[in-house]
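Under UniProt numbering, the final residue of the sequence shown carries the number 254; numbering is consecutive throughout. In this text, a Cβ means the ideal position worked out from N, Cα and C, and glycines have one as well. Nothing here was measured: the structure is a model prediction, and the numbers come from that model. Everything on this sheet refers to the single structure shown next.
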Amino acid sequence: MKTVNKAMRLLRQFTLEQPEIGLSELARVTGEDKAVTRRLLVALMENGFIEQNPETRKYFLGSGFLSLARLREASVPMVRATQIVARWLSGVSDETVHVNVPGRTSMTTVAYHLPPRGNVINLKPAERYPYHAASSGLAYLARTTPERQAEILALPRERLTPATVIDEPTLRDLVAQARAQGYAVSRNTVEQGVAGVAMAFFLESATDPAGTISITVPEAGLTPDRETELVALLRRAVRNLETALTGRSRSSVL
1 MKTVNKAMRL LRQFTLEQPE IGLSELARVT GEDKAVTRRL LVALMENGFI
51 EQNPETRKYF LGSGFLSLAR LREASVPMVR ATQIVARWLS GVSDETVHVN
101 VPGRTSMTTV AYHLPPRGNV INLKPAERYP YHAASSGLAY LARTTPERQA
151 EILALPRERL TPATVIDEPT LRDLVAQARA QGYAVSRNTV EQGVAGVAMA
201 FFLESATDPA GTISITVPEA GLTPDRETEL VALLRRAVRN LETALTGRSR
251 SSVL
């Protein structure tokens with residue numbers, strides 16, 4: 001089990017900003033020595049999950065993930081459904097929309113859509129958002145089980161901006177507020193000048209949310225009236241997505 005955890009930690013180091021990483025750097029960021037890191041890389045290469053650039057000798061994610069991704073999408077077609085809903089919600093709200101799914105330490109974007117205008121909030125594919133900082137994370141925390149919530153709140157919390165909440169009592173208050181009102185709001189906590197409104201969605205009878213839908217806007221534009229408008233649209237988006245994924249919606253519990 002420890003070896004598997006080490007391999008997973010190694011794989012999580014690859015990002016859009018750093019798609020190729022050398023052996024020494026991987027050893028440093030994972031906290032393993034180079035011999036252990038190399039053994040992990042060799043095992044992952046043998047199974048197609050890691051490949052090596054012959055020119056730079058750096059490593060990158062391999063094609064072995066593609067078959068698993070296709071299998072996942074064939075069995076649970078979330079990506080296509082989330083893309084459709086994100087496109088619709090962005091169109092009716094005229095704002096940036098992203099759909100996120102939970103990971104061990106953060107929410108990850110699986111679909112997003114930008115409105116066709118100039119002043120918008122840009123996103124990157126597979127962007128990760130810390131649970132404690134983003135509206136998507138707060139919305140997830142508000143609807144998850146006490147056990148899962150405790151796991152997340154035990155994680156280290158980084159202050160991304162001066163407005164990021166890192167002390168647990170205040171964070172719990174924000175989560176409680178989000179649960180009471182059915183959605184979460186964040187302002188300047190991930191990036192200065194950016195605000196977000198998010199709501200969780202579920203699959204069938206699952207106790208934890210399958211993910212969240214978020215609308216991201218310039219902070220100055222999130223007035224009380226605009227927040228009310230976006231929340232109403234989010235409720236419709238959640239109903240649409242849950243129906244697309246399961247055939248019915250749990251929106252009555254929102």
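Excluding five sequence neighbours on each side, which residues of the same chain lie with their C-beta closer than 8 Å to the C-beta of residue i?
i       : result
Arg-117 : Asp-94
Thr-37  : Leu-10, Leu-23, Leu-26, Ala-27, Thr-30
Arg-226 : Val-217
Considering only the alpha carbon of each residue, which of the options lies closest to residue i?
i       : options                            : result
Thr-161 : Thr-189, Asn-53, Gly-64            : Thr-189
Asn-240 : Thr-207, Val-120, Leu-203          : Leu-203
Ser-136 : Gly-103, Ala-244, Glu-158, Pro-156 : Gly-103
Ala-195 : Leu-174, Glu-219, Pro-209          : Glu-219
Val-217 : His-98, Leu-44, Ala-210            : His-98
Gly-193 : Leu-71, Leu-171, Asn-122, Glu-168  : Asn-122
Leu-245 : Val-42, Gly-48, Arg-80, Ala-133    : Arg-80
Arg-235 : Met-8, Ala-139, Gln-149, Thr-223   : Ala-139
Pro-146 : Asp-208, Asn-53, Ala-86, Gly-91    : Asp-208
Phe-49  : Ile-152, Ser-63, Asp-225           : Ser-63
Asp-173 : Glu-191, Arg-159, Glu-158, Leu-153 : Leu-153
Ala-86  : Pro-115, Val-120, Leu-71           : Pro-115
Pro-77  : Val-165, Lys-58, Ala-210           : Ala-210
Val-120 : Val-238, Ile-215, Ile-166          : Ile-215
Kindly give me the distance between the Cβ atoms of residue i and residue j, rounded to whole angstroms, as I take these residues to be in contact under 8 Å.
i       : j       : result
Tyr-131 : Asn-100 : Not quite, the Cβ-Cβ distance comes to about 10 Å (not below 8 Å), so this is no contact.
Gln-13  : Leu-26  : 6 Å
Asn-53  : Glu-20  : 6 Å
Ser-90  : Thr-96  : 7 Å
Where residue i and residue j are concerned, what is the direct C-alpha to C-alpha distance, given to the nearest angstrom?
i       : j       : result
Met-199 : Gly-182 : 7 Å
Thr-243 : Ala-232 : 17 Å
Ala-180 : Thr-228 : 15 Å
Tyr-112 : Phe-201 : 16 Å
Ala-163 : Ile-213 : 22 Å
Val-110 : Gln-149 : 22 Å
Arg-187 : Ala-133 : 9 Å
Met-8   : Ala-178 : 32 Å
Ala-43  : Glu-51  : 11 Å
Thr-105 : Glu-168 : 16 Å
Thr-56  : Leu-222 : 46 Å
Val-197 : Ala-35  : 45 Å
Met-107 : Thr-144 : 13 Å
Leu-171 : Glu-158 : 13 Å
Pro-60  : Val-4   : Note that residue 60 corresponds to Phe in the displayed sequence, not to Pro. Rounded to the nearest angstrom, the two C-alpha atoms are 18 Å apart.
Kindly indicate which three-state DSSP category residue i falls into: helix, strand or coil?
i       : result
Ala-184 : strand
Leu-23  : helix
Thr-56  : coil
Arg-12  : coil
Tyr-112 : strand
Ser-214 : strand
Val-190 : coil
Pro-209 : coil
Leu-233 : helix
Glu-151 : helix
Leu-203 : coil
Ser-252 : Reliability fails at Ser-252, whose pLDDT of 46 lies under 50, so the model's placement of it is uncertain and no value is given.
For residue i, which residues in the same chain have their Cβ closer than 7 Å to its Cβ, ignoring the five residues on either side in sequence?
i       : result
Glu-32  : Lys-6
Val-175 : Leu-138, Leu-141, Ala-142
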